[in-house]
Amino acid sequence: MTTVACAPVDLVEVWRGDILESMHQGHAVICGADGQIVDAWGDAGAVIYPRSSCKMIQALPLIESGAADAHGLGTRQLALACASHQGARIHTDPVQDWLDTLGLQDADFRCGPQWPADVPARNAIIRAHAGPCQIHNNCSGKHAGFLTLNRHISGGADYELVDHPVQQMGRAAFQETTGEDSPGYGIDGCSAPNFATTVHGLARAMAAFASAHDRSDTRSHAMVRLREAMMLHPELVAGETRACTDLMRAMDGRAAIKTGAEGVFVAIVPEARVGVALKIADGTTRAAEAAIAAILVRLGVLDADHPAARARMVPDIRNWRGTLCGRIAPVTALAGR
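Okay, so the sequence shown: first residue is 1200 according to the working numbering, each after it adds one.
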């Protein structure tokens, strides 16, 4: 049977006054523990780059190989391995400590320097008449995980290359958890390869994390450790004012969520044993945040009236004087209104 690709569908509205000013379209899938689709909008078979939303998959070999335990990694390091952090001291200090225990330096990273999004950290660098280091990169925790795995397997220095054993282990974990052969890869902002999959495949991987407590194999134990670390330390996964941190705090350990560049978002919901993946076609973050919040409310793990939920799902649009000008909201079909 031939599968017909579907166009992206309306997911998030942007109103100014009484006129619908913009519409964000995309694809979203809720997947069950059996790998089958529970609910979907748009094209579940749309091929996407998960970008940073799949960092928990990339961290699986770190645990499965024995590297995490051999180097005494705790929940904070595991959360940072899954993080797209702000570059605040709360993030960079533990990553620096992690590097120190490995006997490595900033130059051993392959993620590139990045100005921190955290304002105090950025201002401190400016006042010092300095520039950012690689440790400030939002992916430095993931790369510390790569370096730990690389040390464990005695790999070469260029661990970010697609044919390096570290990335090949990551590719194997990615394809196994998504249940799909990746059609290719792109180079992510942090220089590591980012393997493509379908929205359904990404949701299937998140469902495997969500239902991992039902199984007793090595991978499932690793999945539980990573998702629990994320939920235990939401402040490390992103940072203050960020959707991942704010919404995980609002859900109080009921779900782990992770954003990715270009309008990608995923969720792991253990109590419902489902995974969620979504992609906003135009790559807009505000729409991805509104859509994931709406789905989490739909799944019953996020209170629609919680301030963090309202700030992401139905935020007001105000001008520079603070005047209410409009609103953003998920479409009825997504929100279940």
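Ideal Cβ placement from N, Cα and C applies to all residues, glycine included.
Query: Using only the alpha-carbon positions, how far apart do residue 1311 and residue 1371 sit?; Result: 25 Å
Query: Say whether the stretch 1275 to 1285 touches the stretch 1348 to 1356, bearing in mind that this needs 3 or more beta-carbon pairs closer than 8 Å, one atom from each stretch.; Result: no
Query: Which residue's Cα is closest to the Cα of residue 1339: 1395, 1233 and 1281?; Result: 1281
Query: How about residue 1471 and residue 1529: are their beta carbons less than 7 Å apart?; Result: no
Query: For residue 1256, count the other beta carbons within 10 Å of its own beta carbon; 16 or more makes it buried, fewer makes it exposed. Which is it?; Result: buried
Query: DSSP has residue 1146 in a bridge; who is on the other side?; Result: Missing from the structure shown is residue 1146; the chain here goes from 1200 to 1536 and no further.
Query: Taking the Cβ atom as the reference point for each residue, do residue 1433 and residue 1447 lie within a distance shorter than 7 Å?; Result: yes
Query: Report the option in 1386, 1382 and 1392 whose CA atom is closest to the CA atom of residue 1368.; Result: 1392
Query: Would you give the residue range spanned by the beta strand (DSSP E) that residue 1210 belongs to?; Result: 1208 to 1215
Query: Under 8 Å by Cβ, that's how I've got residue 1422 and residue 1455 pegged, so tell me the actual separation to the nearest angstrom.; Result: The pair is not a contact, with the Cβ atoms about 10 Å apart (cut-off 8 Å).
Query: Which residue from 1365, 1481, 1399 and 1347 puts its Cα closest to that of residue 1269?; Result: 1347
Query: Nearest by alpha-carbon distance to residue 1459: which of 1477, 1519 and 1220 is it?; Result: 1477
Query: Taking only runs that begin and end inside the stretch 1287 to 1346, name each unbroken alpha helix (DSSP H) of 4 or more residues, in chain order.; Result: 1288 to 1301 and 1318 to 1326
Query: Just checking my contact of residue 1209 with residue 1224 at CB under 8 Å: how many whole Å lie between their CB atoms?; Result: 6 Å
Query: Thinking just about the alpha-carbon of each residue, which of 1493, 1258, 1259 and 1227 is nearest to the one in residue 1245?; Result: 1227
Query: Where do the ends of the beta strand (DSSP E) carrying residue 1392 lie?; Result: 1392 to 1394
Query: Return the Cβ separation of residue 1511 and residue 1442 in integer angstroms, given the expectation that the two are a contact with Cβ distance under 8 Å.; Result: 5 Å
Query: Here's a check: name, in chain order, each residue in its chain whose Cβ is nearer than 7 Å to the Cβ of residue 1444, leaving out the five neighbours to either side.; Result: 1433, 1434, 1436, 1437 and 1438
Query: If we ignore side chains and look at the alpha-carbon of each, how far apart do residue 1507 and residue 1250 end up?; Result: 24 Å
Query: Do residue 1419 and residue 1411 have their C-beta atoms within less than 7 Å of each other?; Result: yes
Query: Is residue 1424 helix, strand or coil when you go by DSSP?; Result: helix
Query: Compare the Cα-Cα distances from residue 1380 to each of 1401, 1252 and 1296 and report the closest residue.; Result: 1401
Query: Please go through the same chain and pick out, in chain order, the residues whose beta-carbon is closer than 8 Å to the beta-carbon of residue 1336, but skip the five residues on each side of it.; Result: 1286, 1308, 1310, 1311, 1312, 1313, 1342 and 1389
Query: Taking the C-alpha atoms as reference points, what is the distance between residue 1229 and residue 1329?; Result: 45 Å
Query: Can you say whether residue 1219 is buried or exposed, counting buried as having 16 or more other CB atoms within 10 angstroms of its CB?; Result: exposed
Query: Using 8 Å for Cβ pairs, my map puts residue 1243 next to residue 1399. What's the rounded Cβ distance?; Result: 4 Å
Query: So what's residue 1220 in DSSP terms, helix, strand or just coil?; Result: strand
Query: Taking 7 Å as the threshold (C-beta atoms), are residue 1501 and residue 1258 in contact?; Result: no
Query: Quick check on DSSP: helix, strand or coil for residue 1458?; Result: strand
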